[in-house]
Amino acid sequence: MLAVELLPGYGFSDKPAAPGWGIERISDAWCELMARLGDRRFGAQGSDWGTSIATSIGQRQPDRVAGIHLIPPLARPDPATLDDLTGAERAALATLREADEWGSGYSAQQSNRPQTVGYGLVDSPAALCAWIVEKFWSWTDSGGDLHRVIARDELLDNLMLYWLPGTGASSARLYRESLWQVNEWISGSAGAPVPEHPVLERARQGRPLRGVRAAGVVRRRGPVILPAGPLMVTRAR
Numbered sequence: 001m002l003a004v005e006l007l008p009g010y011g012f013s014d015k016p017a018a019p020g021w022g023i024e025r026i027s028d029a030w031c032e033l034m035a036r037l038g039d040r041r042f043g044a045q046g047s048d049w050g051t052s053i054a055t056s057i058g059q060r061q062p063d064r065v066a067g068i069h070l071i072p073p074l075a076r077p078d079p080a081t082l083d084d085l086t087g088a089e090r091a092a093l094a095t096l097r098e099a100d101e102w103g104s105g106y107s108a109q110q111s112n113r114p115q116t117v118g119y120g121l122v123d124s125p126a127a128l129c130a131w132i133v134e135k136f137w138s139w140t141d142s143g144g145d146l147h148r149v150i151a152r153d154e155l156l157d158n159l160m161l162y163w164l165p166g167t168g169a170s171s172a173r174l175y176r177e178s179l180w181q182v183n184e185w186i187s188g189s190a191g192a193p194v195p196e197h198p199v200l201e202r203a204r205q206g207r208p209l210r211g212v213r214a215a216g217v218v219r220r221r222g223p224v225i226l227p228a229g230p231l232m233v234t235r236a237r
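Going by the numbering used here, the sequence shown opens with residue 1, and the numbers climb by one from there.
Structure representation (C-alpha cells):
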C-alpha cells in the first residue's frame with residue numbers, strides 16, 4: 001500500500017486554525033494515519049518539506065519505521081573533506097552558496113512574517129504567480145527560457161493548487177513553525193536526526209554513498225537516511 005499525504009495548509013488539505021503545526025506534529029499525525037490504515041511498520045519517503053517530516057518520523061518513532069528515503073538528505077559536507085572534492089562537488093557547493101546568498105529571501109520572509117506576504121498571495125493572482133514562478137525559473141536548468149523545460153499548463157497546474165484553495169498564507173506558515181529546526185539539523189547543532197547508523201554517518205560527513213546495499217542495511221539496522229534514488233514502498237510486516 002502506498003499512502004500519499006498532503007501537508008496541512010497545502011493543496012486541498014485543511015488549513016491549521018492555530019499555531020503548532022510544525023514538522024513534529026505533522027510526523028506524529030502521519031504515523032497515526034498509518035496506524036489507522038493498519039500498517040504496523042512502513043517506510044517514509046520525502047522531498048523538500050517531506051525530507052524533514054520523514055526525518056522526524058524516523059527520529060520519533062524508530063520502532064515503526066523500516067527506513068526513510070530523503071531527497072536531499074539532511075547532511076552538510078564535512079569541513080575535513082573540503083580539500084579533497086571533485087570538480088563536480090565543488091561546483092555543487094558553489095551553487096548552494098549562491099542559492100543561499102541570492103535565492104533564499106522567500107524562505108526568510110515566510111519564516112519571519114508569513115502572514116504579511118500571505119495577504120498578497122491569497123488576494124492577487126499576479127502576486128502568487130510572481131512568487132512561485134520565479135522559483136521555477138531559478139531552480140530549473142532552463143537557460144533563461146522556462147517554457148523550454150516546463151509547459152505553461154504544468155505551471156498553471158501548480159499555481160492553481162495554491163490559488164483555488166487559497167493556501168498562499170497557510171503554506172507559508174510551515175516556514176515560521178519549523179525552518180529554524182531544519183537549519184539546526186543541517187548545521188549539526190541539534191544532534192543526529194535519526195539513530196546512529198554507518199550510512200547516516202557517511203552522509204553527514206559528506207563521504208560517498210556508492211556501493212551501499214540499501215535494502216540490506218534497512219533490514220539489519222533500522223531507520224536510516226538512504227542515498228537518493230528510486231524507492232518502492234511496500235507494506236512491511
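Each residue gets a CB set at the ideal place from its N, CA and C atoms; glycine is no exception.
Is it buried or exposed for residue i, if we count other Cβ within 10 angstroms and need 16 for buried?
i	result
residue 34	buried
residue 21	buried
residue 42	buried
residue 138	exposed
residue 102	exposed
residue 118	buried
residue 144	exposed
residue 213	In this prediction, residue 213 has a pLDDT of 36, which is less than 50 and means its spatial position is unreliable; what the coordinates show is noted afterwards. Classification for residue 213: exposed.
residue 112	exposed
Hey, out of the options, whose CA is closest to residue i's CA?
i	options	result
residue 187	89, 74, 177, 97	74
residue 106	37, 173, 181	173
residue 136	19, 114, 96, 159	159
residue 90	77, 56, 179	77
residue 64	153, 102, 44, 1	44
residue 10	185, 102, 164	164
residue 4	18, 47, 16, 19	47
residue 110	13, 31, 179	179
residue 156	58, 183, 125	125
residue 183	19, 100, 32, 95	100
Regarding residue i and the ligand FMN, is the C-beta to nearest heavy atom distance less than 7 Å?
i	result
residue 186	The ligand FMN is not among the ligands present in this structure, which contains no ligands whatsoever.
Less than 8 Å between C-beta atoms, sequence neighbours within five positions excluded: which residues of the same chain meet that for residue i?
i	result
residue 121	127, 128, 131, 162, 168, 169, 172
residue 16	8, 9, 170, 173
residue 104	none
residue 37	1, 3
Go through its chain and collect everything with a Cβ distance to residue i's Cβ below 7 Å, but skip five positions before and after it.
i	result
residue 56	23, 24, 27
residue 70	46, 51, 54, 55, 225
residue 97	none
residue 146	136, 137, 140
So, under 8 Å CB-CB, residue i and residue j are touching, yes? Tell me the CB distance rounded to an integer number of Å.
i	j	result
residue 141	residue 149	7 Å
residue 176	residue 114	5 Å
residue 6	residue 13	4 Å
In its own chain, which residues sit with a C-beta less than 6 Å from the C-beta of residue i, not counting the 5 before and 5 after it?
i	result
residue 234	Low per-residue confidence applies at residue 234: pLDDT is 34, beneath 50, and the placement is therefore not dependable, though the value from the model is reported in the following sentence. For residue 234, where only same-chain residues beyond five positions count, there are no Cβ hits under 6 Å.
residue 152	none
Exercise for review: Taking 8 Å as the threshold, find out whether the segment 35-55 comes into contact with the segment 79-94 through three or more Cβ pairs.
Suggested key: Not touching, per the Cβ criterion.
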